[in-house]
Amino acid sequence: MRIIVLGLVLLLSTTINAQEIGVRFGEVTGNNIAVDGVFEFDGSRIHANVSFGDGLGLDALYDFIYESLEDELYWYAGVGASTFIEDDFNLGVSGEIGLEYQFDSAPIVIGFDYRPTFWIIDDTSFKWDGFGVNVRYRF
Numbered sequence: 024m025r026i027i028v029l030g031l032v033l034l035l036s037t038t039i040n041a042q043e044i045g046v047r048f049g050e051v052t053g054n055n056i057a058v059d060g061v062f063e064f065d066g067s068r069i070h071a072n073v074s075f076g077d078g079l080g081l082d083a084l085y086d087f088i089y090e091s092l093e094d095e096l097y098w099y100a101g102v103g104a105s106t107f108i109e110d111d112f113n114l115g116v117s118g119e120i121g122l123e124y125q126f127d128s129a130p131i132v133i134g135f136d137y138r139p140t141f142w143i144i145d146d147t148s149f150k151w152d153g154f155g156v157n158v159r160y161r162f
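In terms of the numbering used here, the sequence shown is residues 24 to 162.
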């Protein structure tokens, strides 16, 4: 298993164009704050975060990036897996749509997104309140 994970990390590190890391505030898979990361590919990206608090929340979403009217302003949409581990194990599917601004003069990205989640395991439910604000450093 370690060899597979190491191989995936090496493969991704050779194809990734840009990376961002920061924080996400708002409703984050059962918590209110998360470590947020973005790994861009050609025209798409993986948007992942890890949140701590009442439990452990993990999200990994595949987003398509669309350019807006200005070069620094983008919007994105995607879907991916979400899990929340507290006393129970919860697994679901999250959608995501958001808008972000990449500063030209500084390596800072600020974004706002909406992430509704359909929980499948342990309790089947739909959660509508997944709004968040992202502040990330781009390197």
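From the three backbone atoms N, C-alpha and C, an ideal C-beta is built for every residue, glycine too.
On the premise that residue j lies in contact with residue i, defined as a C-beta separation below 8 Å, what is that separation, rounded to the nearest angstrom?
i: Y85; j: V102; result: 7 Å
i: L91; j: Y99; result: Correcting the residue identity first, residue 91 is Ser in this sequence and not Leu. With 8 Å as the limit, S91 and Y99 do not qualify as a contact, their Cβ atoms being about 10 Å apart.
i: F162; j: F149; result: In fact, because the Cβ distance is near 36 Å, the residues do not count as touching under 8 Å.
i: G80; j: F107; result: 5 Å
Suppose the cutoff is 6 Å on Cβ atoms and the five residues either side in sequence are ignored; what does the same chain contact list for residue i look like?
i: R138; result: S117, E119 and G153
i: G134; result: G121, E123 and N157
i: Q125; result: E95 and V132
Starting from the Cα of residue i, find the closest Cα among the options and give me that residue.
i: D65; options: E93, D94 and I88; result: I88
i: A57; options: G78, Q42 and S67; result: G78
i: G155; options: T140, G49, S128 and I44; result: G49
i: D146; options: F112, A129 and A104; result: F112
Between residue i and residue j, is the Cβ-Cβ spacing less than 8 Å?
i: D82; j: T52; result: yes
i: V132; j: E43; result: yes
i: S74; j: N54; result: yes
Can you find the residues in the same chain that come closer than 8 Å, C-beta to C-beta, to residue i, ignoring five residues on each side of it along the sequence?
i: I143; result: L114, G115 and V116
i: D127; result: D94 and E95
Keeping to the same chain, check which residues put their C-beta closer than 7 Å to that of residue i; ignore five residues upstream and five downstream.
i: R9; result: As displayed, the chain neither begins before 24 nor continues past 162, which places residue 9 out of reach and without an answer.
Quiz item: At what residue ranges does the segment 85-158 contain a whole run of the alpha helix (DSSP H), taking only runs of 4 or more?
Solution: none
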